[in-house]
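Residue numbers (my numbering), protein chains in the order written: chain A, 721 to 1233; chain B, 57 to 402.
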Amino acid sequence: MTDIPNAKPDLGEVVLAARNVAKSYGQIHALKGVNFDIHRGQVTTLFGENGAGKSTLMKILSGVIQPTAGQIILDGAAVAFDNSTDARNRGISIIHQELSLAPNLSVRDNIFMGREIMGPGGVDFAEEERQTRKLMEGLEEDIDPLTPVEELRLGQQQIVEIARALSVDSRILIMDEPTSALSATEVEVLFKVIRDLKSKGVSIVYISHHLEEALQITDHAVVLRDGTMTAYAPRAEIDLEWFVRNMVGENYDLGSPPGGYGFGNVALSLRDVTVPDPKGADFNVVDRFSLDVRAGEVVCIYGLMGAGRTELLETVAGRLRASTGEVVLEGLEISHLTIAERIARGLALVPEDRQRDGLVQTMTVGQNLSLASIAAFTKGLFTQKKAEQALIEDSIRKVTVKTSGGGAAIGSLSGGNQQKVVIGKMLATNPRVIMLDEPSRGIDIGAKAEVFKLLAERAKQGLAVIYSTSEVGECLSIAHRIIVMHKGRISAEFDSTVSKEKIMAASGESVAA
Amino acid sequence: MSDTTISRAATPKASFSLGRLLLEGRAFFALIAIIAVFSFLSPNYLTVGNFLIMASHVAIYGILAIGMLLVILNGGIDLSVGSILALSGVMAGAMMQGIELQALGIILYPPVWAVVVLTCVLGALVGAVNGVLIAWFKVPAFVATLGVMYVARGVALLLTNGLTYNNLSGSADLGNTGFDWLGFNRLGGVPISVLVLAGIAVLAGLMLSRSAFGRWLYASGGNERAADLSGVPVRRVKITVYTLSGMLSAVAGLVLSSQLTSAGPTAGTTYELTAIAAVVIGGAALTGGRGTVRGTMLGAFVIGFLSDGLVIIGVSSYWQTVFTGAVIVLAVLMNSIQYGSRARKG
Chain A
721 MTDIPNAKPD LGEVVLAARN VAKSYGQIHA LKGVNFDIHR GQVTTLFGEN GAGKSTLMKI
781 LSGVIQPTAG QIILDGAAVA FDNSTDARNR GISIIHQELS LAPNLSVRDN IFMGREIMGP
841 GGVDFAEEER QTRKLMEGLE EDIDPLTPVE ELRLGQQQIV EIARALSVDS RILIMDEPTS
901 ALSATEVEVL FKVIRDLKSK GVSIVYISHH LEEALQITDH AVVLRDGTMT AYAPRAEIDL
961 EWFVRNMVGE NYDLGSPPGG YGFGNVALSL RDVTVPDPKG ADFNVVDRFS LDVRAGEVVC
1021 IYGLMGAGRT ELLETVAGRL RASTGEVVLE GLEISHLTIA ERIARGLALV PEDRQRDGLV
1081 QTMTVGQNLS LASIAAFTKG LFTQKKAEQA LIEDSIRKVT VKTSGGGAAI GSLSGGNQQK
1141 VVIGKMLATN PRVIMLDEPS RGIDIGAKAE VFKLLAERAK QGLAVIYSTS EVGECLSIAH
1201 RIIVMHKGRI SAEFDSTVSK EKIMAASGES VAA
Chain B
57 MSDTTISRAA TPKASFSLGR LLLEGRAFFA LIAIIAVFSF LSPNYLTVGN FLIMASHVAI
117 YGILAIGMLL VILNGGIDLS VGSILALSGV MAGAMMQGIE LQALGIILYP PVWAVVVLTC
177 VLGALVGAVN GVLIAWFKVP AFVATLGVMY VARGVALLLT NGLTYNNLSG SADLGNTGFD
237 WLGFNRLGGV PISVLVLAGI AVLAGLMLSR SAFGRWLYAS GGNERAADLS GVPVRRVKIT
297 VYTLSGMLSA VAGLVLSSQL TSAGPTAGTT YELTAIAAVV IGGAALTGGR GTVRGTMLGA
357 FVIGFLSDGL VIIGVSSYWQ TVFTGAVIVL AVLMNSIQYG SRARKG
């Protein structure tokens, strides 16, 4: 609040600017008159909580949606983009937060989708393939151009998305949380690419939730809050205190693991769990994995993308089948049980991809929240409206979902609130053990702090928590015990006093690179 | 952040506009418009007698459409309902004519209630075959039900050698009279077939809106993976909806052959398309997860009242086909406007 956006120093030529841009969806004002400048050859980072309007502003600047009021100024002249193709032709491209790839098509076809290179005999696939290979080399990623995108892991899909934006030779490149699915090594490569682009005069807008990450590359930063710009600062003035003050308005600490109580009995015990590759490849994604988690204990499973964390958790939840090994929940072997039976016995999974695995888009917020506990409000043949309503309101309150009520469409919520709905849905089943797979993906620091607080409270009441993440910082502020997973196996185990470097080294990530 | 819970309550609902009202209640307004136009064009249209006759025509499509709605809510499609209808009718006809057990040298004449029950079981079994193919063997619904459509029709033709069972009234000596009760009798002036439709609609409506199964169905149609991970038995739901659809087809087959007092192997050809049309006109999304029994009933009545109205005012039956097609395209157009606007808000 103290920094007035208009009082900024002159920092080179402004190539693209938003002037008093506003966007409303019916009664909801996503943006309320924002001024935003993009400077030639510089990186501008945009911070803000979920629902602050970051993505909306970027969609307006890249022509995906049109503002309800205000002007877009490109090279000093007011412009109106008809659509994203129009904006792309003028040199502006965007990497979306939610992946926008066709999973059935190959990497090559995705990269050139909509602007295929035409030769005399139709599409020049050879040339497309050559260019794709070059892009992948630039990103130091070993992905074959002919691999279907659905066979890539999430992080690699993100790389393809980035490569697609790079392939257009844009002057202005907008990246909406490009690193949310990337490993530390991949992030390093991306930053190298960004610095390279900068030196070629490309302007970059970088949306992020990670202060440390953004500080490595940014030239200046802007904070959005509730649809207005609340702060602006050049790199030199940005520090954690500035960030936190402007982001959340109060001092936030992700804190340290909950303490002051003892753990109970072993709640979940995994014995030599081995899971073959679900796609039929000839290796095990989880390899003789053993773990005991006690009631009240928070165990973090740290690992890179593709380390087998998701497959492990999905096997424990009952979606995938283990080839060997035992899963014992409170003394009972549950390997043969269905997902529903496991939930009923107190085992809940918050899946990694909330759009694909977590939410039913055609249902309301309330129906999503109550989906996993329908039996709790069903008497005889029929569901009980009152009991369901009570459960929904209770969940909305407990996980602090920002919504107009249980009847709201799930799509009207911001990413962080959608994530809270998925967590709330599983907590409503009164689990004894909850597993969360990368729950902080694409949610802001405020929402993350709330999720941590919630988990800490429930852990104190005896809930066993398994938290899977690729962010070391998260492990240290929530976990009593940190398990590092690498290629389907436990490569190290630490208590909460360990250093970040040690964890990362054990994950097979080379910190120096 | 925590103080923001349940703020801005009910704001989306407060913004009522005429356009939105017309869009959401389109099937209802279309029905009103059809009734108004035909009442104006023909004095015979707006009479209780005519309405009951039209309603009994709608009953066949309506019963099929409810089964189809369940399948479409699940994100599937059932092309076999017309053929199951014919097969069920033929089986019922065969049972009414007597089943000859050559080994024992006797002919069995099952009573009408047994015929009805056995026919429904048969329809359910054929539906269950659809369900198992789709849920367990991962055959796409379109292909699985297309195959069963041919097989069921073929079996019906084989059973009858292509002929039609004509006399289904049974005889008092054999104790199997009463088959025409479904198609001809009335209770309090209302045809039995309409009462059957109403009963099925009420049960289906309750199931969808109030039972756990209904919630499972909407969830697995909206996002099967998310439903699965939330503990919804998605395979069981899938098999159940196809089984119910098959069973309802059998009921429709019984009603039809009772109305006609004959059962032919070519009955119900293309009825599956009419049923799909009724569901779509009623506002359901073919992608699954959206749709109601009320909408589907309105859709069935729109189609039925429109085609009967055209007959009454003497329009060529070729034009009826054109009109029905136009109504379907218009309905789908409206659906995409409605769901498209919702999706964009997200």
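Glycine included, every Cβ here is placed at the ideal spot set by N, Cα and C.
Reducing DSSP to helix, strand and coil, say where residue i ends up.
i	result
Ala956/A	helix
Lys194/B	coil
His749/A	strand
Arg1201/A	strand
His930/A	coil
Ala1128/A	coil
Phe235/B	coil
Glu1046/A	strand
Ala257/B	helix
Asn809/A	helix
Lys1099/A	strand
Gln1109/A	helix
Met856/A	helix
Gln394/B	helix
Ala901/A	coil
Run down chain A in chain order and give the residues with a C-beta less than 7 Å from the C-beta of residue i.
i	result
Ala282/B	Asp1077, Gly1078, Leu1079, Val1080
Return the chain-ordered list of same chain residues with a C-beta closer than 8 Å to the C-beta of residue i, the five sequence neighbours on each side being excluded.
i	result
Asp862/A	Met856
By the criterion of Cβ-Cβ separation under 8 Å, what are the contact partners of residue i in chain B?
i	result
Phe1102/A	Leu262, Arg266, Ser267
Ala1092/A	Ser286, Gly287
Lys918/A	What Lys918/A touches in chain B: nothing, since even the nearest Cβ is about 34 Å away.
Closer than 8 Å, CB to CB, is residue i near chain A or not?
i	result
Ala191/B	no
Asn279/B	yes
Thr350/B	Reading off the sequence shown, one finds Arg at residue 350/B, where the question assumed Thr. Closer than 8 Å: no.
Ile128/B	no
Arg271/B	yes
Given that residue i touches chain A, what residues does it touch there, using C-beta distances under 8 Å?
i	result
Ala275/B	Val1080, Met1083, Gln1087, Leu1091
Got a sec? Which residues, its chain only, sit under 7 Å from residue i by beta carbon, not counting five neighbours each side?
i	result
Thr1058/A	Gly1038
Return no unless some Cβ of chain B is closer than 8 Å to the Cβ of residue i.
i	result
Leu1069/A	yes
Ile892/A	no
Ile780/A	no
Ile1063/A	yes
Ala1060/A	yes
Phe801/A	no
Is the CB-CB distance between residue i and residue j below 8 Å?
i	j	result
Tyr1187/A	Ala1169/A	no
Gly345/B	Val1080/A	yes
Leu273/B	Leu264/B	yes
Ile927/A	Met895/A	yes
Leu859/A	Ala885/A	no
Leu821/A	Val869/A	yes
Gly287/B	Ala1092/A	yes
Gly339/B	Gly351/B	yes
Leu766/A	Lys779/A	no
Gly783/A	Asp806/A	yes
Ser923/A	Gly761/A	yes
Gly355/B	Val335/B	yes
Ile758/A	Val1019/A	no
Leu1089/A	Ile1112/A	yes
Val888/A	Arg808/A	yes
Ala1128/A	Thr1082/A	no
Pro1159/A	Gln1139/A	yes
Along chain B, in chain order, which residues have C-beta atoms closer than 9 Å to that of residue i?
i	result
Ala1037/A	Leu285
Ala1096/A	Here the premise fails: no neighbours, minimum Cβ distance about 10 Å.
Could you tell me which chain A residues have their CB closer than 9 Å to the CB of residue i, listed as they occur along the chain?
i	result
Gly345/B	Val1080, Gln1081, Thr1082, Met1083
Beta-carbon within less than 6 Å of residue i's beta-carbon, same chain only, minus the 5 sequence neighbours each way: which residues are those?
i	result
Gly245/B	none
Leu215/B	Val146
Phe832/A	Glu848
Could you tell me which chain B residues have their CB closer than 7 Å to the CB of residue i, listed as they occur along the chain?
i	result
Lys1145/A	Ser286
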